[in-house]
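Novice: Would you mind keeping the following structure in view while I ask a few things?
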Amino acid sequence: MTAARTLDVSELPPFRISIQAPLWWGQVCLIAIEATMFSILIAAYFYTRLRVDVWPPPGDQFPNVLLPSLALIPLILSAFGSYWASEAAKKDDRRGMILGLGLNLVLAIIFFVMRIIEWHSLNFNWMADAFGSYVWAFLGLHSFDFIAGLVETIVFVVFVASGRYGERERLGIHVDSLVWYFVVAIWIPLYIVTYWGPRLVETAQ
Amino acid sequence: MSPAESHVPTAEEQEQHLRTLENSWRHPGGITGWLSFTTHQAIGMRYIVTAFVFLVVGGILALMMRFQLAQPNNTFLGPDRYNQFFTTHGTTMMFLFAVPMMEGMGIYLVPLMVGTRNVAFPRLNAFGYWMYLAGAIFLYVGVFQNAAPDVGWFAYTPLSGPEFSPGKRPDFWAQMITFTEVSAMCVAAELIATIFKMRAPGMSLNRIPLFCWSMLVQSFMVIFAMPSVMIASSFVLSDRTVATNFVNPAEGGDPLLFQHVFWFFGHPEVYIIFIPALGMVSSIVVANSRRHIFGYTAMVLSLIATGFIGFGLWVHHMFATGLPQIAAGYFTAASMMIAITSGVQIFCWIATLWSGRLRLNTALHFVFGFIAIFVLGGLSGVLLGSVPLDLQVHDTFFVVAHFHYVLIGGALFPLFGGFYHWYPKMTGRLMNEAVGKLNFWVLFIGFNLTFFPMHILGLKGMPRRIYTYSPEMGWGPANLLATVGACIIALGGIIFIANVVWSRRAGKVAGNNPWDAPSLEWAAASPPKNYNFEYLPVVTSRYALWTPPDERVIVTGLRSNRREVLATTLMDAQPDHRYVLPPPSIWPLLTAIAVTIGFAGSVFNEWYITWGSILSGIALIGWFWPRRPLELKP
């Protein structure tokens, strides 16, 4: 194309670790997809629940609330580790990235151990009835996301600790923090539905 | 930043720039190279060609069904084969043709139209294509193993559940959904990021071409609708394979829930197919009436409104399931409301055409065909939106007639118009116009002969999904007419393919902008180079190429020795930073293979999900392995 005038962009940075990065927007889209998926699953849970009189069905225990509630503490705190790492990634602060990701990792593992213990104590599985299917689906799908997030965090720790990282990886750490905020945030409604749901919706229509 | 007067590249600088650009965007060679392509033109074309193959396959299935129904008590296909064919026909047309085709057009055209060099995530784009292809192959492996799904393209429970459908047939359907939806979601995410963050400087929101607006709305609909069908198909699949009870009434599940979750996707799906077609119509109308679109703002707002209202209609597919009256009333009103937003667009096009200087080419013929057929389909839709009439004709051929009028009229006709319109851009040659007009008339007549009689058949009570009928029903003549029509449609398809093949070799050379159209894709070479534009354009009006050449501005200062593009701000498209795209890679294919092992295997043994996840994790680490140089030079 011939043109009389030009717009010179050579002074612009070749990278930006911020909301301006296309990757940030792509990540938000993927989070929106997952959030929609969980929202529909929660809607389906209540749809199913409102069609029966007794919930949980006879024989199934009410899931315990104590341990899962305590487990929220390390889970929510782990998001701060993620935030620390993402801010350090912007400033190329290697120590901050390792410490932030490390904190994230340790707290996340503590949460997950607590989850497994509680999960193990359930007296029903997904085959028992619809209630069991939903509880196991919430726990299973969220654990899948959770483990994927953990693996990502471990990979980033290895990259940063071994010095094999540049701007792209730092942007990755920044954007990855969004994933972790999502994994933490989506658990709160899922926790309420899984552990308080059977208690909250007492009567049938 | 404002455009500078100085620094216009000299001829020598331009030549040097072009050489390095050519080099950094060159496709890798060899088979592995071919499997590693990440340019949007290559991936878009793969989508378009693959989806077209499935249009032909789905069309052949339809033709066989029409042969079976041509006369009473026919025995061409047995009941079982007929069930498999109508299910596979619907599934193929929806998931393997319509959605991927629209996405392919979007992938091909959006980066050109917004004035950049590729989509925002080229490797994700390649991965999405491989997932689509794997899902398509997966379904057809089932078809050729006599395990084609036979429970309708919507696979209602309890029919599709373990009790009434033993064997693997619905599993192939359900898992194919997962494949194609992953693909659709990848495309949605990358198109949103591309349209939001990679527009040419100056292309503020109110200057985005309407086709890009339509792809944007469609992408958002994909994001909020597609998870729903994955949930629905996973309910069926996990009930069948690992004995969950989501839709099992014996253990507290509810089969009707499946319908809600399915149609919460299924209705927006119609708009996911239809909205990009609206964008194509706008492009064709503007180029061929040679004036600005009438009511740009109204058009954009009604596209967005259609996107929203599309999510509030799903229950009108379920009027016969015994819903509370208040729900039926609400969804009737919402169904009628969508006619307003569609109507706004129709009237804007008519106003544009009315006051334009028309070039009556084949593409515009298809637009006229679209308006005629779509308005008819829309009107029968308004009828069906009312509960008493819907109950009367529920599950009859009236519904078949309605949705083929809407889908073929609303999506396929604009798409064929789009083929004729953009073929010169994609190949460098024009399609033959005389054959094109013949093509249009054959398709138009064939279409109406096939589907108009179905309205009458439906009103006379002929149900859908029956493989034959007895002569005393009196349905024979109309069915025979429909079958003749279907053959004429097939003839139209053959004419189209012949025109494509012939024009590819012997068509008139098109040049960059054969239609004198205003949007940026026509500034690129035909066919476009891998990098699209020598210098990225700066946009100063809504109709970039109708700006006088001496007022045009180009972007300089992007490095040509790597795949560099410009990231701009969301609202006003101010340049923000330079953004380096990754080189071609084989990892998207390897990741798709890993995911396929998990998805396909899990139909037979649930542990494959675990193995597939581990393999995918390894592949993704390979995908994201840090590249040298680690730090980008400024």
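So the sequences go chain by chain: A and B. Just so we're aligned: 38 in the working numbering is position 38 of the first sequence, and the numbers increase by one with no gaps anywhere. Just remember that the working numbering sits 1000 ahead of the position in the second sequence, which is counted from 1. We treat Cβ as the ideally placed atom computed from N, Cα and C, and that holds for glycine. Note that this is a predicted model, so its numbers are computed, not measured.
DSSP beta-bridge partners for GLU1564(B)?
Specialist: GLU1564(B) is bridged to VAL1580(B).
Novice: Which residue or residues does DSSP assign as beta-bridge partners of LEU208(A)?
Specialist: Past the boundaries of the shown model lies residue 208(A); chain A is included only from 1 to 205, so the question cannot be answered.
Novice: Taking only beta carbons into account, state which residues of the stretch 5-23 of chain A come closer than 8 Å to chain B, listed in chain order.
Specialist: Against chain B - using a Cβ distance shorter than 8 Å - the residues of the stretch 5-23 of chain A are ARG5, THR6, LEU7, ASP8, VAL9, SER10, GLU11, LEU12, PRO13, PRO14, PHE15, ARG16, GLN20, ALA21, PRO22, LEU23.
Novice: Quick one: complete alpha helix (DSSP H) runs, 4+ long, within the stretch 1031-1099 of chain B?
Specialist: 1040-1069, 1079-1091, all fully within the stretch 1031-1099 of chain B.
Novice: What in chain B is Cβ-close to LEU101(A), meaning under 8 Å?
Specialist: Residues of chain B passing the Cβ test: none, with the nearest at roughly 15 Å.
Novice: Counting along the chain, where does the alpha helix (DSSP H) carrying ARG94(A) start and finish?
Specialist: From DSSP, the alpha helix (DSSP H) with ARG94(A) extends over 94-120.
Novice: How would you list, in chain order, the residues of chain A whose beta-carbon sits under 9 Å from the beta-carbon of SER1228(B)?
Specialist: Result: THR36, MET37, ILE40.
Novice: Which residue wins for smallest C-alpha separation from HIS1089(B), given the options VAL1049(B), GLY1601(B), MET1113(B), TRP1153(B)?
Specialist: It is TRP1153(B) whose Cα lies nearest to the Cα of HIS1089(B).
Novice: Contact defined as beta carbons within less than 8 Å: I believe GLU1631(B) pairs with GLU167(A). What is the distance between those atoms, to the nearest angstrom?
Specialist: Confirmed, about 6 Å.
Novice: What whole-angstrom Cβ distance do GLY1044(B) and GLY1104(B) have, given they're in contact under 8 Å?
Specialist: Contact flag correct, Cβ pair sits at about 5 Å.
Novice: Would you mind sorting SER162(A) into buried or exposed? The rule is 16 or more other CB atoms within 10 Å of its CB.
Specialist: Exposed, by the Cβ-count rule.
Novice: Please report how far the alpha carbon of ASN1288(B) lies from the alpha carbon of LEU1415(B), in whole angstroms.
Specialist: If you take the alpha carbons of ASN1288(B) and LEU1415(B), they lie about 16 Å apart.
Novice: Does the CB of GLY1446(B) have a neighbour CB from chain A at under 7 Å?
Specialist: No, no contact with chain A.
Novice: Residues in the same chain with beta-carbon distance under 6 Å from GLU1635(B), minus the five sequence neighbours each way, listed in chain order, please.
Specialist: In the structure as shown, chain B begins at 1001 and stops at 1634. Residue 1635(B) is therefore absent and cannot be evaluated.
Novice: Name, please, each residue of chain D whose Cβ falls closer than 7 Å to the Cβ of ILE1621(B).
Specialist: Absence of chain D from the displayed structure is noted, the protein chains being A and B.
Novice: Assuming contact is defined by CB atoms lying nearer than 7 Å, are PRO1584(B) and THR1091(B) in contact in what I supplied?
Specialist: No, the Cβ-Cβ distance between PRO1584(B) and THR1091(B) is not below 7 Å.
Novice: Below 7 Å between beta carbons: does that hold for GLY1557(B) and SER10(A)?
Specialist: It is a contact, given that the beta carbons lie within the stated cut-off.
Novice: By DSSP's criteria, PRO1537(B) is part of a beta bridge. Which residues make up the other side?
Specialist: Paired residue(s): ILE1554(B).
Novice: List the DSSP bridge partners of PRO1463(B).
Specialist: The partner list for PRO1463(B) (beta bridge, DSSP) reads THR1396(B).
Novice: For a test of the three-state rule: what should DSSP assign to THR1575(B), helix, strand or coil?
Specialist: First, the amino acid is wrong: residue 1575(B) is Pro here, not Thr. Correct three-state label for PRO1575(B): strand.
Novice: Measuring only between beta-carbons, confirm whether VAL52(A) sits less than 7 Å from chain B.
Specialist: Answer yes: the Cβ-Cβ gap between VAL52(A) and chain B drops below 7 Å somewhere.
Novice: With 7 Å as the threshold, decide whether the Cβ of ALA204(A) is near any Cβ in chain B.
Specialist: Because the pLDDT of ALA204(A) is 44, which lies under 50, any placement of that residue in the model is unreliable, and the number read from its coordinates should be weighed accordingly. Not closer than 7 Å to any Cβ of chain B, the Cβ of ALA204(A) fails to qualify, so no.
Novice: Does PHE1548(B) get closer than 7 Å to chain A when you measure Cβ to Cβ?
Specialist: One point to set straight first is that residue 1548(B) is Pro, not Phe, in the sequence displayed. Answer no: the Cβ-Cβ gap between PRO1548(B) and chain A never drops below 7 Å.
Novice: Sorted by chain position, which residues of the same chain lie with C-beta nearer than 6 Å to ALA1486(B)'s C-beta, five sequence neighbours on each side aside?
Specialist: Answer for ALA1486(B): LEU1063, ARG1066, THR1450, listed in chain order.
Novice: Any beta carbon of chain B sitting closer than 7 Å to that of GLU169(A)?
Specialist: Chain B, which has a Cβ nearer than 7 Å to the Cβ of GLU169(A), makes this yes.
Novice: Are the stretch 74-81 of chain A and the stretch 104-116 of chain A touching, with three or more C-beta to C-beta distances below 8 Å?
Specialist: Segments in contact, yes.
Novice: Measuring only between beta-carbons, confirm whether TRP180(A) sits less than 7 Å from chain B.
Specialist: No, no contact with chain B.
Novice: Which same chain residues end up closer than 7 Å to THR1010(B) when comparing Cβ atoms and leaving out the 5 residues on each side of it in sequence?
Specialist: Closer than 7 Å at Cβ, skipping near neighbours: no residue.
Novice: Within 7 Å of any Cβ in chain A, is that where the Cβ of ALA1126(B) sits?
Specialist: Answer no: the Cβ-Cβ gap between ALA1126(B) and chain A never drops below 7 Å.
Novice: Of all the residues that make up the stretch 1574-1601 of chain B, which are near chain A by a beta-carbon distance shorter than 8 Å?
Specialist: The residues in question are PRO1575, ASP1576, HIS1577, ARG1578, TYR1579, VAL1580.
Novice: Taking 7 Å as the limit between beta carbons, can you name the residues of its chain near ARG1627(B), skipping five residues before and five after?
Specialist: None.
Novice: Can you pull the chain A residues whose beta carbon is under 8 Å from the beta carbon of MET1336(B), in chain order?
Specialist: Simply none; closest approach about 25 Å.
Novice: For ALA1184(B), collect the residues of the same chain with a Cβ closer than 7 Å to its Cβ; drop the 5 residues on either side in sequence, then sort them by chain order.
Specialist: Same-chain partners within the cutoff: VAL1099, GLU1103, VAL1222, MET1226.
Novice: Could you tell me whether the Cβ atoms of GLY1436(B) and TYR1420(B) are closer together than 7 Å?
Specialist: Cβ atoms of GLY1436(B) and TYR1420(B): closer than 7 Å.
Novice: For HIS1316(B), count neighbouring Cβ atoms within 10 angstroms of its own Cβ and tell me buried if that reaches 16, exposed if not.
Specialist: Its Cβ being crowded by 16 or more others within 10 Å, HIS1316(B) is buried.
Novice: With 8 Å as the C-beta to C-beta threshold (strictly closer), list the residues of the stretch 1251-1280 of chain B near chain A in chain order.
Specialist: Answer set for the stretch 1251-1280 of chain B: GLU1251, GLY1252, GLY1253, ASP1254, LEU1257, HIS1260, VAL1261, PHE1264.
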